[in-house]
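This report concerns only the one structure given below.
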Amino acid sequence: MAQQSTFIEEMMAAGRGVIALLTGDRNAGSYFDLSQRGLVSSFIALLMVTALNAVLPLILGMGSGGGMGRGILMVAILFGLQIAFSAIVLRQLKRLDGLVPYIVADNWATFFLTLISAAIAAAGFANDFTLIVLGIVVIIVEVNIARLIVTLSPLQIAMFLVAQLVGVSIGLALIGFTFPVPPELAQAALS
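Per the working numbering: the sequence shown = residues 189 to 379.
This is how it looks when you write it as structure tokens:
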């Protein structure tokens, strides 16, 4: 995407890029604007979908206002650690040039996959099967971002994904210790 485009045009192209990542299309990178402008647009999309994800439980009557701030903070912590650990591995692999393309593609993938999962939840189809399918889709997209956008080798892809998993796991532990689950949610989960 070399020419200037509107946010909507960039979003549509990125949607095609996410589909290309899901199908393993070697031209997936051509759908994303991997420039600094594209990075900013991908962050705008990420912020929009994070806000939607935070207010959707309120709209559906499944949460309280306090959960909204916790949800946004959780996304920020997990995202920050995922990117930090990704940068560490890319630096070790001497492939730090792949960080911006990774962030752009990952932000757009997060945008579209979160919209899909929110639509599934809003329609009342959220269950274990859909969660497993979405998990598999996320793994496929993440592997293909590393393979097709960042152009890592198979061993480097494994290192890259393990580093992200470690970063997110540390983030989840940090969140669990810092922001324990409210008693009413814990009680609801047990019943």
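Note that beta-carbon positions come from the ideal geometry of N, C-alpha and C, so glycine has one too.
Starting from residue i, follow the alpha helix (DSSP H) in both directions and report where the run begins and ends.
i, result
"Arg-225", "224–247"
"Ser-341", "Neither: Ser-341 is in no alpha helix (DSSP H) and is coded neither H nor E."
"Arg-335", "Neither: Arg-335 is in no alpha helix (DSSP H) and is coded neither H nor E."
"Gly-203", "195–211"
"Leu-301", "287–310"
Going by beta-carbon coordinates alone, are residue i and residue j separated by less than 8 angstroms?
i, j, result
"Gln-270", "Gly-364", "no"
"Val-288", "Leu-222", "yes"
"Ile-276", "Ala-351", "yes"
"Gly-212", "Asn-332", "yes"
"Thr-318", "Val-237", "no"
"Val-321", "Gly-286", "no"
"Ser-229", "Phe-195", "yes"
Give the DSSP-derived three-state secondary structure of residue i in the structure shown.
i, result
"Met-189", "Caution is warranted here: a pLDDT of 48 is assigned to Met-189, below 50, making its placement in the model unreliable, and the coordinate value is therefore given only provisionally. Coil."
"Asn-215", "coil"
"Arg-258", "helix"
"Phe-367", "coil"
"Phe-348", "helix"
"Asp-316", "helix"
Where residue i and residue j are concerned, what is the direct C-alpha to C-alpha distance, given to the nearest angstrom?
i, j, result
"Ile-304", "Gly-205", "15 angstroms"
"Gly-359", "Ser-193", "35 angstroms"
"Val-263", "Val-292", "17 angstroms"
"Tyr-219", "Ala-201", "5 angstroms"
"Leu-209", "Gly-312", "27 angstroms"
"Arg-279", "Ala-272", "10 angstroms"
"Met-189", "Ile-324", "Only weak support exists for where Met-189 lies, its pLDDT of 48 falling under 50; the value from the coordinates is given anyway. In a straight line, the C-alpha of Met-189 is about 28 angstroms away from that of Ile-324."
"Leu-340", "Ala-334", "6 angstroms"
"Pro-342", "Gly-217", "18 angstroms"
"Asn-295", "Phe-231", "7 angstroms"
"Gln-344", "Glu-197", "33 angstroms"
"Ala-346", "Leu-284", "16 angstroms"
"Leu-281", "Gly-203", "29 angstroms"
"Ala-361", "Ser-274", "18 angstroms"
For the putative contact between residue i and residue j, defined by C-beta atoms under 8 angstroms, what is the C-beta separation to the nearest angstrom?
i, j, result
"Leu-241", "Ala-306", "Inspection of the sequence shows that residue 241 is occupied by Asn rather than by Leu. Yes, Asn-241 and Ala-306 are in contact; Cβ-Cβ is about 6 angstroms, under 8 angstroms."
"Arg-214", "Leu-336", "6 angstroms"
"Leu-349", "Glu-330", "6 angstroms"
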